[in-house]
Amino acid sequence: MPSVESDALRVHFNSFTERLAANPDADLATIRAMLEELHARSAEPTDVTYAEVNVGECAGIVCTPTKHTARGAVLYLHGGGFVGSSMHTHRKLGGHLARLLGAPVLVLDYRLAPEAPFPAALDDAAAAVEWLVGQGFAPEDIAFAGDSAGGNLVTALAVRLRDQGLPLPPAIVAFSPWLDLRCTGATFETNAASDAFVQRPVAENMATMYLNWTSPTDPLASPIYADLRGLPPIYVAYGDQETLQSDSERFVERARAAGVDVTAELSPGMQHVYVLMVGRAPEADATVANAAAWLATRWGKP
Numbered sequence: 001m002p003s004v005e006s007d008a009l010r011v012h013f014n015s016f017t018e019r020l021a022a023n024p025d026a027d028l029a030t031i032r033a034m035l036e037e038l039h040a041r042s043a044e045p046t047d048v049t050y051a052e053v054n055v056g057e058c059a060g061i062v063c064t065p066t067k068h069t070a071r072g073a074v075l076y077l078h079g080g081g082f083v084g085s086s087m088h089t090h091r092k093l094g095g096h097l098a099r100l101l102g103a104p105v106l107v108l109d110y111r112l113a114p115e116a117p118f119p120a121a122l123d124d125a126a127a128a129v130e131w132l133v134g135q136g137f138a139p140e141d142i143a144f145a146g147d148s149a150g151g152n153l154v155t156a157l158a159v160r161l162r163d164q165g166l167p168l169p170p171a172i173v174a175f176s177p178w179l180d181l182r183c184t185g186a187t188f189e190t191n192a193a194s195d196a197f198v199q200r201p202v203a204e205n206m207a208t209m210y211l212n213w214t215s216p217t218d219p220l221a222s223p224i225y226a227d228l229r230g231l232p233p234i235y236v237a238y239g240d241q242e243t244l245q246s247d248s249e250r251f252v253e254r255a256r257a258a259g260v261d262v263t264a265e266l267s268p269g270m271q272h273v274y275v276l277m278v279g280r281a282p283e284a285d286a287t288v289a290n291a292a293a294w295l296a297t298r299w300g301k302p
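For the sequence shown, UniProt numbering begins at 1 and goes up steadily by one.
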């Protein structure tokens, strides 16, 4: 059974979907404004400072821990169905990750669909890696992390870098990743009643806006269809109430079959992107701490 603190996320998601149901003609600007409320779910971390920066065509927030003990950095790509959320909704999650790691985390405000469809967000992420290299980090010390659509993007970015023969990150962390834009996972049906946020029609609409006539089986749009051989170690964390649960499970199975070092964490009773409750809910705290401890083993000391 989820903690009272974690159940507050379900209550928030229910409120979100009820407001949308009451306003079926809500435009994208209204939906985006509602998604911006997600930042209130996370508690403010301590011992972290923030700086807004320009990263190519995008903005970003660098979350820097007071105690800098690791030699690497993290590129964090937020969720939001490719069409919403921002560096502000995920700043505090980035801050918690930075504090636990002892390393800076760049939360990127990548361009959103439909104004900037596929592959704009992926291009922005690649530019962010180059920006971090320009800040003095070696490519092999820049880890990737993301949630939901951001979990898709960090995985797709690694596939693209591998295909281009470019340096890969030391590791990838994916929280509740959305990896199949065809939305074919079995849990879209079996978890439809338990997931308070992500339902197939909404996901399909977001995918359409992002893809803009690109095939949903394009491996850089849906990494579950990619050749996963040669990818770096991956940490996948997800809840058993999610409609996207089977995205994680199928991806973990395929990645392991391809020889990838995969660590999977399934959290009972948890909603989609439950890690947004970090600093408030014990389950989110545990997952983010586990992911940070796992990631820390991929770096040496500075």
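Cβ atoms here follow ideal geometry from the backbone N, Cα and C, with glycine treated the same way.
In this text the structure is predicted, and so the values were computed from the model without any measurement.
Partner residues in the beta bridge of LEU75, as assigned by DSSP, are LEU106, PHE144. Taking a cut-off of 8 Å on C-beta distances, the stretch 22 to 40 does not touch the stretch 253 to 268, as fewer than three cross pairs fall below it.
Closest in alpha carbon position to ASP195, among LEU9, GLU5, VAL4, SER3, is LEU9. In terms of Cα proximity to GLU115, the closest of VAL55, PHE82, ASP147, ASP25 is PHE82.
Residue burial annotation: MET1 is exposed, with fewer than 16 other C-beta atoms found within 10 angstroms of its C-beta.
Going by beta carbons, TYR76 and GLY146 fall inside the 8 Å limit.
With a cut-off of 8 Å on Cβ pairs, the stretch 124 to 133 is in contact with the stretch 42 to 61, counting three or more such pairs. Linking VAL202 to PRO282 through their CA atoms gives a straight-line distance of about 29 Å. By the criterion of a C-beta distance shorter than 7 Å, GLY230 is surrounded in its chain by ARG162, once the five residues flanking it on both sides are discounted. Per DSSP, the continuous alpha helix (DSSP H) segment holding PRO201 begins and ends at 200 to 211. Counting only runs of 4 or more residues that sit fully inside the stretch 215 to 275, the alpha helix (DSSP H) segments are 245 to 257, in chain order.
Pairing LEU228 with ARG71, the inter-Cα distance amounts to about 27 Å. Judged by their CB atoms, SER176 and SER222 are not nearer to each other than the 8 Å cut-off. Excluding residues up to 5 positions away in sequence, ILE142, ALA143, PHE144, ALA158, PRO232 lie with their Cβ nearer than 7 Å to the Cβ of PRO169 in the same chain.
It is roughly 6 Å from the alpha-carbon of ASP240 to the alpha-carbon of MET270. A residue is called buried once 16 or more other Cβ atoms fall within 10 Å of its Cβ, and GLY279 is buried on that count. Under the 10 Å beta carbon count, ASN152 is surrounded by 16 or more other beta carbons and is classified as buried.
The alpha-carbon of ASN212 is positioned some 23 Å away from that of PRO24.
Here the alpha carbon of VAL288 sits roughly 15 Å from the alpha carbon of ARG41.
For the stretch 36 to 76, not one full-length alpha helix (DSSP H) segment reaches 4 residues or more. A buried status is given to ASN191, since no fewer than 16 other beta-carbon atoms sit within 10 Å of its beta-carbon. In terms of Cβ geometry, LEU100 and ALA156 do not form a close pair [threshold 8 Å].
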